[in-house]
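To start, the structure under review is shown below, and the notes come after it.
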Amino acid sequence: MDNKSIAQMLAETADLLEISGGDPFRIRSYRRAAEAVENSTEPLAIMAGDTKRLLAIPGIGKGMAANIQEMEARGSLPLRDELLKTYRPSMLELLKLPGMGPKTVALLWEALQVCDVEQLQTAIDEGRLEALPRFGKKLVEKLKRGIADYRKNSGRFRLDQAESAAERLELYLKEFPGIDRITPAGSLRRGRETVGDLDILATGPACAEERVAAAVEYVAAYPPIVDLIAKGQNKVSFHLRGGLQVDVRLLPEASYGAALQYFTGSKMHNVSLRQRALKRGYTLNEYALARLDTGAVAAGATEEEIYSALGMDWIPPELRENQGELEAAAAHRLPTLIEQSDLRGDVHMHTQATDGRNTIEEMAEAALARGYAYIAITDHSKNLAMTNGLDDARAVEHMRHIREVDQRMEGRIRVLAGIEADILGDGEIDLSDDVLARLDVVIASVHSLFQQSEEEMSARLLRALENPHVKILGHPTGRLLLRREPYNFDLGAVLKRAAERRVAVEHNAYPDRLDLCDIHLRQAKEIGVKIVISTDSHHTADLDNMRYGVRQLRRAGLSREDVLNTLPVQDFLDALRRA
DNA sequence: GCCGTTTTCGGCCCGACTGTTTTCAGTCG
């Protein structure tokens, strides 16, 4: 079983235990174990035989190790099977409705034998819910709306979409006199590839306790709101068109840091942080860090002073997932994360020669405007016929063009000549060695491997790595290589061989395909593979996507040294030649 | 079920909001 399936099974067991009214602390340990498994860079299938290694994972004890071994051996978890005799799997879906928690699910089951969304809808229509304790008109209304939303869209929102919604709201909030600082918190600030809802924090004189009511009214009047969910003393929650939920919190300046820390999360990071605070004689909430004995406030205005009062360095939001960052911060050993400004070149882009929209010059000017010192033009090779891919002769001709443009730029920006070549069925590259040898940047990509089995893929990737001209292993889908989904091929072996051959592995910065690569980026770092980050731009505007990819690298804990295109152009080329 | 710079037992993070109550349980983040 792959890690994701194991994690899901553990999480479901936690949900079922909660519905059954089980011990809350036992439930929490199942949740913790699920997180730990999901975040493990190593397939548990390999570790399962080694109890000691399982026990070394925080959150995994004797019982959980046995559970994991059981799942590996039989593909099932006895406690979960037991619970499913009493409860229905569809109840796990019911839990996703807003306002619906384990207690309510249990009540619906015991009183009405309702166990899924369909039956709940029927029970509502027949008016059977009102007979139950705690079920008034409003709660029933809320469930009705919840069911409609659930059917319409059940899912998270892409980071780039959430970001632009946040930016529009920010403009609106800034209009209100006395609101002068606005920060998105939550998973958006942590740079998660998808965002469940938007947490926006705001502060300024208008957010002081005695004045905040007017600002709350202003927020609630935000025109794009389609559905006001809640309006409290200093918080407004609503849905935007498209279903994105937004929580806006208006906070006094003295506790802004505490609130930012609190609402940035992640939940597990906060739980651990508060535990550490307790051990040191403090209590931490969204208003302040305070002494337990006297109640005296120790910190609150900034995040830095809170972490510092607890003996830690400030932790970049991207790392706040409770995966060892607290220990690293206490030991002053946090990595210095890469910044977008560290990048000196974008080395994967297409032009009109194949399926790009712009000319070489236009791409170069656009990159120059974004502060890059160099780019590589890497159009497709002939095997991608549908893109009008280049054969040997056209590749040489195109290279000549690129060199001319490079000359014309007169050193303002270096324009390197490259290719995004295709890996053929036998692992060969679809251009001659002669041509490949004359190019500065050869990316070998996996287009033709889409429909292949995953075992086949890894074999081909490994063969392609043996080609001396391949400098970068590309993954233009963002799904093939560095992904978190269950995969059968041995990615570790490909990364290890890439490290040995000194071939860099590419990380593409697509906003719509940021599909969960952080775990494998971490694995690449552990193995020592160099990363090249690029946008695979087909249009000058695509160059702006770099920021999304950088967030991914940061979440994986990567520093400038891990990424080749932070180097000056000559060092970058030398590093590639070492392959 | 996990875990230990007070512990191998006895703890385990914290507060707001909602709806239904008339003092609180449940949900949420």
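Residue numbers for the first sequence follow this note's numbering, so the first one is 42 and each next one is one higher.
For each residue, glycine too, the CB sits at the ideal point set by N, CA and C.
Keep in mind it's a predicted model, so treat the numbers as computed, not measured.
- DSSP, reduced to helix, strand and coil, places Arg332 within a strand of the structure shown.
- As for any alpha helix (DSSP H) of minimum length 4 sitting wholly inside the region 320-397, the runs are 344-350 and 366-371, ordered along the chain.
- Excluding the 5 residues flanking it on each side, Ala339 has same chain C-beta neighbours closer than 7 Å at Tyr323, Leu330, Ala331, Arg332 and Ala350, in chain order.
- In this structure, Leu149 keeps its C-beta atom at 8 Å or more from the C-beta atom of Pro143.
- Under a 10 Å Cβ-count criterion, Asp475 is classified as exposed, with fewer than 16 other Cβ atoms of the shown protein chains found around its own Cβ.
- Met427 counts as exposed, since fewer than 16 other beta carbons sit within 10 angstroms of its beta carbon.
- Between the alpha carbons of Leu138 and Asp157 lies a gap of roughly 11 Å.
- Annotated as distal: Gly468 and Val483, with beta-carbon spacing of 8 Å or more.
- In the displayed model, Gln564 falls within a helix according to three-state DSSP.
- Secondary structure at Val570: coil, using DSSP grouped into helix, strand and coil.
- Under the three-state reduction of DSSP, Val535 is assigned to helix.
- The Cβ-Cβ distance between Leu536 and Ile572 does not fall below 8 Å.
- Glu461 sits in a strand when the DSSP states are folded into three classes.
- Cβ-Cβ separation between Arg444 and Leu367: approximately 51 Å, too far for a contact (criterion under 8 Å).
- In this structure, the straight-line span from the alpha carbon of Gly452 to that of Leu514 is close to 28 Å.
- By the Cβ-count criterion, Ser486 is buried, with 16 or more other Cβ atoms from all chains shown falling within 10 Å of its own Cβ.
- Of all C-beta pairs linking the region 220-231 to the region 163-176, fewer than three are shorter than 8 Å, placing the two stretches out of contact.
- Excluding its 5 nearest sequence neighbours in each direction, Gly298 has C-beta neighbours in its own chain below 8 Å: Ala340, Gly341, Ala342, Thr343, Glu344, Glu345, Glu346 and Ile347, listed in chain order.
- For Ala545, the enclosing beta strand (DSSP E) begins and ends at Ala545 to Asn549.
- Considering only Ser499, Asp432, Leu605 and Gly177, the residue with the shortest C-alpha distance to Ala534 is Ser499.
- In the structure shown, Lys308 adopts helical secondary structure according to DSSP, grouped into three states.
- With 16 or more other Cβ atoms from the protein chains shown falling within 10 Å of its own Cβ, Ile188 counts as buried.
- Taking C-beta atoms as the reference points, Glu53 and Leu133 count as a pair closer than 8 Å.
- For Phe613, there is no enclosing beta strand (DSSP E); the enclosing alpha helix (DSSP H) covers residues Val610 to Arg618.
- Assigned with DSSP and collapsed to three states, Val437 falls in helix.
- With 16 or more neighbouring CB atoms inside 10 Å of its own CB, Ala74 falls in the buried class.
- Around the beta-carbon of Ile47, 16 or more other beta-carbon atoms lie within 10 Å, marking it buried.
- Judged by their CB atoms, Leu214 and Ala243 are nearer to each other than the 8 Å cut-off.
- About 6 Å separates the Cβ atoms of Glu113 and Ala86, confirming a contact at the 8 Å cut-off.
- Annotation: the region 66-111 contains the following complete segments of the alpha helix (DSSP H) (minimum length 4 residues), in chain order: 85-88 and 92-96.
- Taken through DSSP and simplified to helix, strand or coil, Gln286 comes out as strand.
- A distance of 8 Å or more separates the beta carbons of Ser578 and Glu547.
- As the crow flies, the alpha-carbon of Ala164 is around 11 Å from that of Lys185.
- The beta-carbon distance between Lys423 and Asp481, rounded to whole angstroms, is 19 Å. This is too long to meet the 8 Å contact definition.
- Remark: C-beta atoms of Gly227 and Phe304 approach each other more closely than 8 Å.
- Pairwise C-beta distances place the region 113-122 out of contact with the region 594-613, as fewer than three of them are shorter than 8 Å.
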